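Enquirer:
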Amino acid sequence: MTDQTATPRSFSASVPLKGRIAIPGDKSISHRSLMLSALAVGESRVTGLLEGHDVLATAAAMRAMGATIERRNDGEWRIHGVGVGGLLQPREALDMGNSGTSTRLLMGLVASHPITTTFIGDASLSGRPMGRVIDPLSLMGADISASPGGRLPLMVRGLAPAIPLAYRLPMASAQVKSAVLLAGLNTPGITEVIEPVPTRDHSERMLKGFGADLTVELGADGTRHIRIRGEAELKPQTITVPGDPSSAAFFIVAALLVPGSDVTIANVGLNPTRAGLVEVLQQMGGSIELLDAREVGGEPVADLRVRHSALKGIAVDPAIVPSMVDEFPILFVAAALAEGRTVTTGLDELRVKESDRIAVMATGLQAIGARVEETEDGLIIDGTGGDPLPGGATIAGHLDHRICMSFAVAGLVGKAPVTIDDIAPVATSFPNFEELLAGLQQ
Ligand code: S3P
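In my numbering, the protein residues as written are 3 to 444.
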């Protein structure tokens, strides 16, 4: 059956990409800016907020629970918070759209408030596991009824006061870590998350920035112990959101692959817990220069100058996976054009993203003529050595923005065009993706 509402889009062999672009704000930081501002007492101001559907779902949810959130004409967002403990019972189900981050972090927030909240989402989100947050939040006293398999729709009956917890993360997930820390915000005493493998630390940085009593202690084995003292009072902040490295990733790889390209991407967040892709592409021989390294909103940032390069396949160290967990789809495209073999392992978490990104990328890349073998926890890719891929296929995007954009980039180096069956999901994280691409093709 064809979806009548889908918007197919074709991408074909590109002229050299040239020029300078600024990519939109970081999705993870944008979600957290809205959530913490909505819990502070007073007015926070946020500039550079990503205005993609995922973040707008968070904004709508925080409004439904009592915060005042407005966008001024100059693009600045103003948020009046309700104070920790002050979230109101929403009148309707919270529609999370495609956004796993909104869902899991907000489940944490409401778990320690005396309100009952229903979460719904699109087909992709409704297939994703929520048991990973249901488990710790239930231990804190929340009563959660989920659909079969621990999925959406689900209902959270919060408990206030909730019970503080010391929770060891069973998987490397910043969303689970953040859900527990956010539940800890309105829980008396100390809530602790024990993180064996470090994941993105935006929640820790921002909670501290808002004045929460949060400490991070490193164990002898590298395990991180993150402790937050609850019943916190958050002070309003002025935040500048840096550009999203996960969005920059598509243009970094596009510039490396399209012959003759020379692109500067301004204001890219390079928090070490997010910058794995740049390191791996440099190991593969990619010419990526970091210019004007600086700090924006408490996060390291630089401009990246990227030039077309001959890439070589490598074995990607699984230890780097958490710092580039969202970048594997586009890395696979880079690997498909590299010389020699790229081997990736330790990617089990990719199977529970917006789609099963291992299977969907394997199928799609094979359809456009790449040599790819799927393993249980990764892909093995034998690249073309820089020759264009045959292309000439229609790819199912599975409501996954990063799949759509990865195959868009693959189309730029295809002999025949690559068609994405529905381009609409791109708007969840990168609404002006096509516009920026067209600007570099002038
Ligand atoms: C995110 C964490 C990651 C990432 C997602 C955003 C966050 O998910 O894939 O896009 O903002 O905390 P996991 O926690 O499932 O790894």
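C-beta: ideal position from N, C-alpha, C; glycine also.
Bear in mind that the values here come from a model prediction, so they are computed numbers and not experimental data.
Which residue comes first and which comes last in the alpha helix (DSSP H) that contains residue 178?
Expert: In the sequence shown, the residue the question calls residue 178 occupies position 176. 176–187 is the span of the alpha helix (DSSP H), which, as asked, contains residue 178.
Enquirer: Nearest by alpha-carbon distance to residue 9: which of 152, 406 and 315 is it?
Expert: Position 7 of the sequence shown, counting from 1, holds the residue named residue 9. Of the candidates 152, 406 and 315, the one whose C-alpha sits nearest the C-alpha of residue 9 is 406.
Enquirer: Could you tell me which whole alpha helix (DSSP H) segments of length 4 or greater appear in the stretch 294–377?
Expert: Within the stretch 294–377, the complete alpha helix (DSSP H) runs of at least 4 residues are 330–339 and 359–369.
Enquirer: Do three or more CB pairs link the stretch 145–153 to the stretch 327–339 at distances below 8 angstroms?
Expert: Result no; under three Cβ-Cβ pairs closer than 8 angstroms.
Enquirer: What residue from 274, 303 and 287 has the CA that sits closest to residue 267's CA?
Expert: The residue given as residue 267 occupies position 265 in the sequence shown. For the residues 274, 303 and 287, the minimum Cα distance to residue 267 belongs to 303.
Enquirer: For residue 29, tell me which candidate among 432, 156 and 440 has the shortest Cα-Cα distance.
Expert: The sequence position of residue 29 within the sequence shown is 27, counting from 1. It is 432 whose Cα lies nearest to the Cα of residue 29.
Enquirer: Considering only DSSP beta bridges, list what residue 384 is partnered with.
Expert: Here the question's residue 384 lines up with position 382 in the sequence shown. DSSP lists 343 and 373 as partners of residue 384.
Enquirer: Which one of 292, 363 and 387 has the shortest CA to CA distance from residue 377?
Expert: Residue numbering aside, residue 377 sits at position 375 when the sequence shown is read from its first letter. That would be 363, whose Cα lies nearest to the Cα of residue 377.
Enquirer: Kindly confirm or deny that the stretch 337–347 and the stretch 366–382 touch, where touching means at least three C-beta pairs closer than 8 angstroms.
Expert: Touching, yes, given that three or more Cβ pairs across the two stretches are closer than 8 angstroms.
Enquirer: Which residue or residues does DSSP assign as beta-bridge partners of residue 416?
Expert: Along the sequence shown, one-based indexing puts residue 416 at 414. Answer by DSSP bridge pairing, in chain order: 391.
Enquirer: Using DSSP bridges, identify the partner residues of residue 121.
Expert: As a working mapping, residue 121 is identified with position 119 in the sequence shown. 96 and 156, per the DSSP bridge assignment.
Enquirer: Start and end of the alpha helix (DSSP H) containing residue 50?
Expert: On the sequence shown, residue 50 is found 48 positions in, with the first residue counted as 1. That residue, residue 50, is in no alpha helix (DSSP H); it is neither H nor E in DSSP.
Enquirer: Measuring only the C-alpha atoms, how far is residue 83 from residue 95?
Expert: By one-based count along the sequence shown, residue 83 stands at place 81. By one-based count along the sequence shown, residue 95 stands at place 93. Computed Cα separation, rounded: 21 angstroms.
Enquirer: How is residue 9 classed by DSSP in three states: helix, strand or coil?
Expert: Numbered from its first residue, the sequence shown carries residue 9 at position 7. The answer is coil: DSSP assigns residue 9 none of H, G, I, E or B.
Enquirer: For residue 199, which of 215, 172 and 366 has the nearest alpha-carbon?
Expert: Here the question's residue 199 lines up with position 197 in the sequence shown. When each option's Cα is compared against that of residue 199, the closest is 172.
Enquirer: Rounding to the nearest angstrom, what Cα-Cα distance links residue 159 and residue 115 in this structure?
Expert: For this step, residue 159 is matched to residue 157 along the sequence shown. For this step, residue 115 is matched to residue 113 along the sequence shown. About 8 angstroms.
Enquirer: If I measure Cβ to Cβ from residue 212 and keep anything under 7 angstroms in the same chain, skipping five residues before and after, which residues do I get?
Expert: The count along the sequence shown starts at 1 and reaches residue 212 at position 210. These residues qualify, in order along the chain: 38, 42, 236, 237 and 239.
Enquirer: Given residue 356, which residues of its chain have a CB within under 6 angstroms of its CB, disregarding the five upstream and five downstream residues?
Expert: Sequence index remark: in the sequence shown, residue 356 carries index 354 (1-based). Within the same chain, residue 356 has close Cβ partners 126 and 402.
Enquirer: Look up residue 231 in the DSSP assignment and give the residues it is bridged to.
Expert: For the purposes of this step, residue 231 is taken as the residue at position 229 of the sequence shown. Note: residue 231 sits in a beta bridge opposite 192.
Enquirer: Taking the alpha-carbon of residue 103 as reference, which of 246, 76, 168 and 180 has the nearest alpha-carbon?
Expert: The count along the sequence shown starts at 1 and reaches residue 103 at position 101. Selected option, being the one with the closest Cα: 180.
Enquirer: Contact between the stretch 223–231 and the stretch 65–78 is defined here as three or more beta-carbon pairs at a separation below 8 angstroms; is this criterion met?
Expert: Not touching, per the Cβ criterion.
Enquirer: Return the CA-CA distance between residue 87 and residue 386, expressed in angstroms with no decimal places.
Expert: As a working note, residue 87 is residue 85 in the sequence shown. As a working note, residue 386 is residue 384 in the sequence shown. Their backbone Cα atoms lie some 56 angstroms apart in a straight line.
Enquirer: Would you check whether ligand 1 has a heavy atom nearer than 8 angstroms to the C-beta of residue 62?
Expert: The residue given as residue 62 occupies position 60 in the sequence shown. No, ligand 1 has no heavy atom inside 8 angstroms of this Cβ.
Enquirer: Is residue 102 near ligand 2, with its Cβ less than 8 angstroms from a heavy atom?
Expert: Ligand 2 is not among the ligands present in this structure, which contains only ligand 1.
Enquirer: So, helix, strand or coil for residue 203, using DSSP?
Expert: As a working note, residue 203 is residue 201 in the sequence shown. Residue 203 falls in the coil class under three-state DSSP.
Enquirer: Give the range of the alpha helix (DSSP H) segment to which residue 281 is assigned.
Expert: Walking along the sequence shown from the start, residue 281 turns up at place 279. Per DSSP, residue 281 belongs to the alpha helix (DSSP H) from 278–285.
Enquirer: For residue 271, write down the residues that DSSP places opposite it in a beta bridge.
Expert: Counting from 1 along the sequence shown, the entry for residue 271 is found at position 269. Looking at the DSSP assignment, residue 271 forms a beta bridge with 303.
Enquirer: Decide if the stretch 16–26 is in contact with the stretch 64–75; the criterion is three or more beta carbon pairs, one per stretch, under 8 angstroms apart.
Expert: Contact fails: fewer than three Cβ-Cβ distances are below 8 angstroms.
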